[in-house]
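Q:
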Amino acid sequence: MEIKIRRKFADDMKDPHGSSGVALVMACFFFLIFSAQLMQTAVSASWPDCKFQCEANDVTVSHLWLGDGRGSDISSGAPGEKVPCYLWAEFHNNANSPRHAVILLADMYINGTLSRSFYDDGLCVLDSIEPKATTAYPIYSLTWSYGDKVYLSRLVLSWETASKTTCSNANRKCSNRNTKCYGGDGTEYVVETPLVARFSFSGTGCRSGGVSFLDGSTGGFGPYAYNWDFGDRSKSHEKNPSHIYKNPGNYTALLQVTDQSGRTASASQELQVQSCSCLIAGENSACLDRIETYRVSLDGSLPLACQWKINGSDAIGSVSEGGVSIDINWQDYGPGQHDLQAIVMNKDGTRELGNCNMIVNVQEMPVATITMMI
45 MEIKIRRKFA DDMKDPHGSS GVALVMACFF FLIFSAQLMQ TAVSASWPDC KFQCEANDVT
105 VSHLWLGDGR GSDISSGAPG EKVPCYLWAE FHNNANSPRH AVILLADMYI NGTLSRSFYD
165 DGLCVLDSIE PKATTAYPIY SLTWSYGDKV YLSRLVLSWE TASKTTCSNA NRKCSNRNTK
225 CYGGDGTEYV VETPLVARFS FSGTGCRSGG VSFLDGSTGG FGPYAYNWDF GDRSKSHEKN
285 PSHIYKNPGN YTALLQVTDQ SGRTASASQE LQVQSCSCLI AGENSACLDR IETYRVSLDG
345 SLPLACQWKI NGSDAIGSVS EGGVSIDINW QDYGPGQHDL QAIVMNKDGT RELGNCNMIV
405 NVQEMPVATI TMMI
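At position 286 of the sequence shown (counting the first as 1) the number is 330 in my numbering, and the numbers step up by one without a gap.
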């Protein structure tokens, strides 16, 4: 039986048109295609998609920052202002011998959006680094907007130990580098950027309980120390303070932040604390011996509290409805023009919401005279 099978196989090979020969040719063809696909998959699944097991940590990243062409710090600027710069990295060799062909893999994010990936083939940053040495390298040039947050994700730094290996002949193979590395998929490194102070605020409406300030400072070395000046001689050292302005009007709020290195940055904004629409209802022409009632409204509704003044001094009168209404005997002030003013306050009397006035003409009662004709 074995002899017959072998003879049959040999005969089919001699006759490629036989059924077994055709099947064999087809099998070989599909085998070659499958093998090519396996090889292609193996290539694409290799460098740089290695399963890095970084425990050596011979060469590490000690510092990441934005600098100029020489690596010096960028000067301060206004939020949103654009400046050309470089992403610099400082590397340190902890080993007792040189390390060669140091390759960086990383994704660079700006404000949470992927801006640049070095995972295409890896960026060879150093031909070699001497033992116990520290050196810096400009990784990437970019145009940066002051206040943007920059960080590197999935950072992996790998190297080789073979001498005479440089960036030009580096072996980009997982077998050479998957343990001779630093970092890993879960690593994230914040890039030091220039300190930028900025803030936002809300609650400037006429009935607001106070203005809330929200810090948005970035860069430098946190945490920061805060120095707020609200423009009315009031200050605060809180991160996100609230402040009650006693009077409506225009103010300049200033924030100065100081980071752990002693650098400072400042930002200021103009804000307008609005005054509510105030109206006094009552007679603007009064008689000297009459008692008149005046009532104040704020934006069409009754306010919470009110102070009344006549000619700049506290008014003499009977106050009701929490100060919203006042009865004035004009005999106490005499004839002439008088300036009646209502200052509307919040409930606890700490903030002026609005003020309004009315000019009242006070006249003496006419004296009736009788002329008798004889």
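Where is the CB? At the ideal position from N, CA and C, for every residue including glycine.
So does the region 167-180 actually touch the region 143-159, counting three or more Cβ pairs closer than 8 Å?
A: yes
Q: What does the alpha-carbon distance come out to for the pair residue 121 and residue 313?
A: Mapped onto the sequence shown, residue 121 falls at position 77. Mapped onto the sequence shown, residue 313 falls at position 269. C-alpha separation (whole angstroms): 16 Å.
Q: Counting only runs of 3+ residues fully inside the region 320-387, write out the beta strand (DSSP E) ranges in chain order.
A: Along the region 320-387, the beta strand (DSSP E) occurs as fully enclosed runs of 3 or more residues at 322-325, 329-331, 335-342, 349-354, 362-364 and 369-373, listed in sequence order.
Q: Beta-carbon separation of residue 197 and residue 236 under 8 Å?
A: Counting from 1 along the sequence shown, the entry for residue 197 is found at position 153. Counting from 1 along the sequence shown, the entry for residue 236 is found at position 192. No; because the gap between Cβ atoms is not below 8 Å, this pair is not in contact.
Q: Among the candidates 357, 333 and 184, whose CA atom is the shortest distance from the CA of residue 113?
A: Position 69 of the sequence shown holds residue 113. That would be 184, whose Cα lies nearest to the Cα of residue 113.
Q: Whole angstroms are fine: how far does the CA of residue 156 sit from the CA of residue 422?
A: Limits of the chain in this structure are 45 at one end and 418 at the other, which puts residue 422 out of reach.
Q: Could you tell me whether the region 375-385 touches the region 393-409, where touching means 3 or more Cβ pairs closer than 8 Å?
A: Yes, the region 375-385 touches the region 393-409.
Q: In the DSSP assignment, the beta strand (DSSP E) including residue 400 goes from what residue to what residue?
A: Along the sequence shown, read from residue 1 onward, the residue named residue 400 stands at position 356. That run of the beta strand (DSSP E) goes 396-407.
Q: Just reading off the alpha helix (DSSP H) that residue 218 is part of, what are its end residues?
A: The residue given as residue 218 occupies position 174 in the sequence shown. Element bounds for residue 218: 218-221.
Q: Residue 266 and residue 240 - do their beta-carbons sit closer together than 8 Å?
A: Locating residue 240 in the sequence shown gives position 196, where the first residue counts as 1. Locating residue 266 in the sequence shown gives position 222, where the first residue counts as 1. Note that the C-beta distance between residue 240 and residue 266 is not below 8 Å.
Q: Contact between the region 91-98 and the region 208-228 is defined here as three or more beta-carbon pairs at a separation below 8 Å; is this criterion met?
A: yes
Q: Report yes if the CB atom of residue 255 is closer than 8 Å to the CB atom of residue 243, and no otherwise.
A: Residue mapping note: residue 255 aligns to position 211 of the sequence shown, counting from 1. Residue mapping note: residue 243 aligns to position 199 of the sequence shown, counting from 1. No, these two residues do not count as a Cβ contact at 8 Å.
Q: Let me know if residue 230 comes out buried or exposed under the rule of 16 or more other beta-carbons within 10 Å of its beta-carbon.
A: Translated into the one-based positions of the sequence shown, residue 230 becomes position 186. Of the other Cβ atoms in all chains shown, fewer than 16 fall within 10 Å of the Cβ of residue 230; this residue is therefore exposed.
Q: Kindly indicate which three-state DSSP category residue 211 falls into: helix, strand or coil?
A: Numbered from its first residue, the sequence shown carries residue 211 at position 167. For residue 211, the three-state secondary structure derived from DSSP is helix.
Q: Could you check what DSSP says for residue 239 in three-state terms: helix, strand or coil?
A: For the purposes of this step, residue 239 is taken as the residue at position 195 of the sequence shown. Look at residue 239 here: in three-state DSSP terms it is coil, with no helix or strand label.
Q: Since I believe residue 334 is in contact with residue 369 (beta carbons under 8 Å), could you give me their beta-carbon distance rounded to a whole number of angstroms?
A: What you label residue 369 is simply residue 325 of the sequence shown in a count that begins at 1. What you label residue 334 is simply residue 290 of the sequence shown in a count that begins at 1. Wrong, their Cβ atoms sit about 16 Å apart, outside the cutoff.
Q: Scan the region 162-190 and note each continuous alpha helix (DSSP H) run of 4 residues or more that stays entirely inside, going in chain order.
A: DSSP assignment within the region 162-190 yields no whole alpha helix (DSSP H) run of 4 residues or more.
Q: Does the contact criterion of 3 or more C-beta pairs under 8 Å hold for the region 100-110 versus the region 188-204?
A: Yes, the region 100-110 is in contact with the region 188-204.
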